[in-house]
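Chains as they are written, first to last, in numbering that gives the first Met the number 0: chain A, 0 to 628; chain B, 0 to 235.
C-beta: ideal position from N, C-alpha, C; glycine also.
Scroll down for the structure; my scribbles are underneath it.
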Amino acid sequence: MSRTVVIDPVLLSKVSKPARYVGGEWNSVVKNHEDVKLTVAYCFPDVYEVAMSHLGLRILYALLNERQDVAAERVYAPWPDMEELMRSKGYPLFSLETKTPVIDFDFVGFTLQYEMSFTNILNMMDLAGIPLFSRDRGEDMPLVVAGGPCAYNAEPLADYIDLFCLGESEESVQLLADTIIAWKEAGKPGGKKGLLKQLAGQQGNYVPAFYEPKYGSDGQYQGLTVVEEGVPAQIEKCVVSDVEHVYFPTKPIVPNIDIVHNRAVLELFRGCSRGCRFCQAGMLYRPVREKSPQRLVQLAKDIIKNSGYNEISLMSLSSADYSCLPELVDQLLDAFKDQKVSVSLPSLRIDSFSIDIAKKVQQVRKSGLTLAPEAGTQRLRDVINKGVTEENLMQACENAFKNGWSTVKLYFMMGLPTETDEDLAGIADLAYKVLNLYRQITHKNNGKVTVSVSSFVPKSHTAFQWYGQLPVEEIQRRQQYLKGLIRDKHISYHYHDAKTGRMEATFARGDRRMGRVLYEAWKLGCKFDGWTELFDYDKWMQAFKNAGIDPDYYAARTRSTEEPLPWDHLSDGAGKAFLKKEWQKAVEGSLTHDCRHLSCTGCGVCPSLGVHVKDYKEGDSHGKITFSC
Amino acid sequence: MERLRLAVKKEGALQFLSHLDFARCVRYIIIRAGLPVLYSEGFNPHMKLSFASALGVGVGADVEYLDMELAEPVPVADVIERMNAASPDGFSVRDGKYIDAKAPKLMAVANYAVYDIKGPAARPVSQDELDGILQAFNEASDVTYEKVSVKKGHKVRLIAVKNHIVEPVSGIVEKDGICLRAGILETEDGAIKPQQLWDVLMAQFGLPVQADLVLAWRRGIYVRKNGTNYSLFDGV
Numbered sequence: 000m001s002r003t004v005v006i007d008p009v010l011l012s013k014v015s016k017p018a019r020y021v022g023g024e025w026n027s028v029v030k031n032h033e034d035v036k037l038t039v040a041y042c043f044p045d046v047y048e049v050a051m052s053h054l055g056l057r058i059l060y061a062l063l064n065e066r067q068d069v070a071a072e073r074v075y076a077p078w079p080d081m082e083e084l085m086r087s088k089g090y091p092l093f094s095l096e097t098k099t100p101v102i103d104f105d106f107v108g109f110t111l112q113y114e115m116s117f118t119n120i121l122n123m124m125d126l127a128g129i130p131l132f133s134r135d136r137g138e139d140m141p142l143v144v145a146g147g148p149c150a151y152n153a154e155p156l157a158d159y160i161d162l163f164c165l166g167e168s169e170e171s172v173q174l175l176a177d178t179i180i181a182w183k184e185a186g187k188p189g190g191k192k193g194l195l196k197q198l199a200g201q202q203g204n205y206v207p208a209f210y211e212p213k214y215g216s217d218g219q220y221q222g223l224t225v226v227e228e229g230v231p232a233q234i235e236k237c238v239v240s241d242v243e244h245v246y247f248p249t250k251p252i253v254p255n256i257d258i259v260h261n262r263a264v265l266e267l268f269r270g271c272s273r274g275c276r277f278c279q280a281g282m283l284y285r286p287v288r289e290k291s292p293q294r295l296v297q298l299a300k301d302i303i304k305n306s307g308y309n310e311i312s313l314m315s316l317s318s319a320d321y322s323c324l325p326e327l328v329d330q331l332l333d334a335f336k337d338q339k340v341s342v343s344l345p346s347l348r349i350d351s352f353s354i355d356i357a358k359k360v361q362q363v364r365k366s367g368l369t370l371a372p373e374a375g376t377q378r379l380r381d382v383i384n385k386g387v388t389e390e391n392l393m394q395a396c397e398n399a400f401k402n403g404w405s406t407v408k409l410y411f412m413m414g415l416p417t418e419t420d421e422d423l424a425g426i427a428d429l430a431y432k433v434l435n436l437y438r439q440i441t442h443k444n445n446g447k448v449t450v451s452v453s454s455f456v457p458k459s460h461t462a463f464q465w466y467g468q469l470p471v472e473e474i475q476r477r478q479q480y481l482k483g484l485i486r487d488k489h490i491s492y493h494y495h496d497a498k499t500g501r502m503e504a505t506f507a508r509g510d511r512r513m514g515r516v517l518y519e520a521w522k523l524g525c526k527f528d529g530w531t532e533l534f535d536y537d538k539w540m541q542a543f544k545n546a547g548i549d550p551d552y553y554a555a556r557t558r559s560t561e562e563p564l565p566w567d568h569l570s571d572g573a574g575k576a577f578l579k580k581e582w583q584k585a586v587e588g589s590l591t592h593d594c595r596h597l598s599c600t601g602c603g604v605c606p607s608l609g610v611h612v613k614d615y616k617e618g619d620s621h622g623k624i625t626f627s628c
Numbered sequence: 000m001e002r003l004r005l006a007v008k009k010e011g012a013l014q015f016l017s018h019l020d021f022a023r024c025v026r027y028i029i030i031r032a033g034l035p036v037l038y039s040e041g042f043n044p045h046m047k048l049s050f051a052s053a054l055g056v057g058v059g060a061d062v063e064y065l066d067m068e069l070a071e072p073v074p075v076a077d078v079i080e081r082m083n084a085a086s087p088d089g090f091s092v093r094d095g096k097y098i099d100a101k102a103p104k105l106m107a108v109a110n111y112a113v114y115d116i117k118g119p120a121a122r123p124v125s126q127d128e129l130d131g132i133l134q135a136f137n138e139a140s141d142v143t144y145e146k147v148s149v150k151k152g153h154k155v156r157l158i159a160v161k162n163h164i165v166e167p168v169s170g171i172v173e174k175d176g177i178c179l180r181a182g183i184l185e186t187e188d189g190a191i192k193p194q195q196l197w198d199v200l201m202a203q204f205g206l207p208v209q210a211d212l213v214l215a216w217r218r219g220i221y222v223r224k225n226g227t228n229y230s231l232f233d234g235v
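What follows is the structure, encoded as structure tokens:
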């Protein structure tokens, strides 16, 4: 009989938002563990409202639950007040569906969406009673697996996770489930190690225990050595070649409490090849693969019918780039015209065309427009390969203001390679130009421009992976410099905490030694580090000190392109030569075009993984000659 | 326009919802059930749906009433079946009745709610002792409760408890705590919360419980007139 955790309702009603912990949502799937061959606990290391808004885990949850022989359940990080209750009363971490202790599952899967959630992973394992370090977990312990974008630099978590899965999992998770079930049914030959050995041979799977890092006498990272016979030296991501027909859930879980993104979601396409040089997602999810409008409309109808949602969001890395967007929007508006269902477009491209679409979908309420020029001058926009001009921005804003919008939010980054004070002044200039344009067009003085500036974090697998992050003090100086340039009450200026960005950078480019820092930070009580009110920089500094590690070695050091990188063995299919070329072109300020529309630019993903760009307007690109530079 | 009144149950997972979250859940259920519900006009249309009360986080209810406006009549049995088939754990429609479109709002007529108020005992207590405490309360002619307003700068207001507790409170000792049964009358001055009655009994009558550890469960909600409780279906 499986155990369940029963929380006294009187106690539960005392914590904030107790509905986070009770499950029971519409379309959630409850199965009897006696009736299945494999139990999976999908864990998102953040609070319910954030976790439930994530599409990836919802896909895998629904997909595995389609199988008769698997029960997949959800586990989210308890907010500190709930954690306190659980620790004081001895309640272990449990799943939302059957309230089964996490430690009783066969398979515990964490999604790695952002570095600042890593302490929550350790904390969740601890609350579950699962030993944190892989080496301390016996045969009776669940297999601890992780995937998601941060798995591409797995090393900081290598000591804690048994298996990392790189890339898109809709297909590979079936093989993973089959492999574990077969291993269980065969009497677990070779124990857990036998299973991991088998899994290590499958595409996308990285078993860190089978690799050992080498460091020079100067402490410099020198690469990984394979220490288990027969496992690959290089791990290639999994990729879904047929995005049109890949599984997409049409019975989304409808939460009982409000969540960050409480609406139906339709994924238009995977990938984005605009090639912004700071963007990790743009590299990890290549190539661009679209779904057809027909398929999308059918999915949308099913999702709305099964959920009761009154809003459907068109999601992708850059939704306005969907080749059939006007047709799709027309068809959706037509399909839902009697149902009070609205369509929303979360990411807008900076051009006039994009505003026309936004106009269509926001027919009644004109909420603010959000555009992301990312940098303040053309020079710097060319360095990052943003590929938009001031003219594009002004045309987009002109169209918006003429059509009744009065609020524009502009997103920028600070601390980009080659950035000078002149580039920052360009941000203020743009904001003023946009505001003046509003005044000119409307003859009104009620326009509002919001400038939001985040600090740049160099990420692995990007052209900027070698670039050292600016020191916190310099970022703060630049933040204040820009603040001094914005003196109009119709322009509001927001910026991110530079210290959080620095911590993110240490993990984003960290090696296995960062695992020690993570452990020290967790012991000092760090958790929910992505939450401003809970992030404690001083504790993190203490953690680095306790671990004997200098954060600047990872965050601030500009690395040589010849230096072995801690993620060299984890491949998204793009070649390092391509990134080097992009890094060089960045410094020269020369642009790289989007291979979605023009010729192959040689990143290497298509030829190395055997996939193709799919864009409905450009036609079938199977004939495109792709190469790896 | 047809006005349909439903008696529904809030329990299980939904017990822990705030009123706003509960209302959103019900809207989703109505949409999934495909009922011809009406919306307000304007830029931001709202479903024509209203409730008898705002149940707080943690408060379950054997019965809550809601009114919705439909474009055309749908047989009550169909509505119940369709809504129950589209409901998450913790919600069910128990009964329904079409009412006069001009009938006063539920919120305006529902003025009497009966609760079970439950919490662990601070020390072992006998049924006799509990009966004694409740008898003292029931016989007291004047009981006041100091309500401290969090929003209005901690202003203190005195509430005459007996204006709201008009029937004797009863209680039983259970193995895991104390369970009281009390009716609360809403007057033009408002009402008191079940937890506040719990606090009064603890602080002023020596009920051996902890102030914070209590949960209320609503057993019923009525229109109370001249000392008699009427069902909200009766159109009093």
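Helix, strand or coil at residue i [DSSP, three-state]
i      : result
K161/B : helix
R81/B  : helix
C605/A : helix
V39/A  : strand
S570/A : strand
A145/A : strand
I160/A : coil
T258/A : Note on residue identity: the sequence assigns Ile, not Thr, to residue 258/A. Residue state, collapsed to three classes: coil.
V328/A : helix
Q221/A : strand
V102/A : Just to set this straight, residue 102/A is Ile in the shown sequence, not Val. Note: I102/A maps to helix in three-state DSSP.
R276/A : coil
Y615/A : coil
A70/A  : strand
Per-residue contacts from residue i into chain A (C-beta, under 9 Å)
i     : result
A12/B : A18, V21, G22, G23, E24 and N255
Residue i vs residue j beta-carbon contact at 9 Å
i      : j      : result
V39/A  : L63/A  : yes
Y410/A : L370/A : yes
C271/A : V287/A : yes
E145/B : I158/B : yes
S116/A : G529/A : yes
V242/A : K290/A : yes
M412/A : E114/A : no
A250/B : Y64/B  : Because chain B is modelled from 0 through 235, residue 250/B falls outside the range shown and cannot be assessed.
Q394/A : D350/A : yes
T441/A : F400/A : yes
P141/A : D103/A : yes
Interface residues of chain A facing residue i [CB-CB closer than 7 Å]
i      : result
G131/B : Ordered by position in chain A, no residue passes the 7 Å Cβ test against G131/B, which lies about 24 Å from the chain.
P193/B : Those within 7 Å of P193/B in chain A number zero; the least Cβ separation is about 12 Å.
V172/B : The premise fails here: V172/B is roughly 16 Å from chain A at the closest Cβ pair, so nothing lies under 7 Å.
C24/B  : N255
D211/B : K13
V56/B  : S12 and P17
Y97/B  : The contacting residues do not exist; Y97/B stays about 23 Å from chain A at best.
F204/B : Those within 7 Å of F204/B in chain A number zero; the least Cβ separation is about 21 Å.
Per DSSP, cross-strand counterpart(s) of residue i
i      : result
D188/B : According to DSSP, which records beta bridges pairwise, D188/B is partnered with nothing at all.
S341/A : E310/A
T110/A : G146/A
A399/A : In the DSSP output, where bridge partners are listed per residue, A399/A has none listed.
N204/A : C164/A
query: Between the segment 593-610 of chain A and the segment 5-15 of chain B, do three or more beta carbon pairs fall short of 8 Å?
result: In short, these stretches do not touch, since the Cβ pair count stays below three.
contact_flag[the segment 259-275 of chain A, the segment 588-595 of chain A] where n(CB pairs < 8 Å) is 3 or more: With a cut-off of 8 Å on Cβ pairs, the segment 259-275 of chain A is in contact with the segment 588-595 of chain A, counting three or more such pairs.
- prompt: Can at least three beta-carbon pairs, one atom from the segment 251-265 of chain A and one from the segment 303-322 of chain A, be found at a separation below 8 Å?
  reply: Contact holds: three or more Cβ-Cβ distances are below 8 Å.
- prompt: How do the segment 27-44 of chain B and the segment 99-117 of chain B stand: do at least 3 beta-carbon pairs fall below 8 Å, yes or no?
  reply: Short answer: they don't touch.
query: Taking contact to mean at least 3 C-beta pairs separated by less than 8 Å, is the segment 70-78 of chain A in contact with the segment 25-41 of chain A?
result: Output reads yes: the segment 25-41 of chain A touches the segment 70-78 of chain A.
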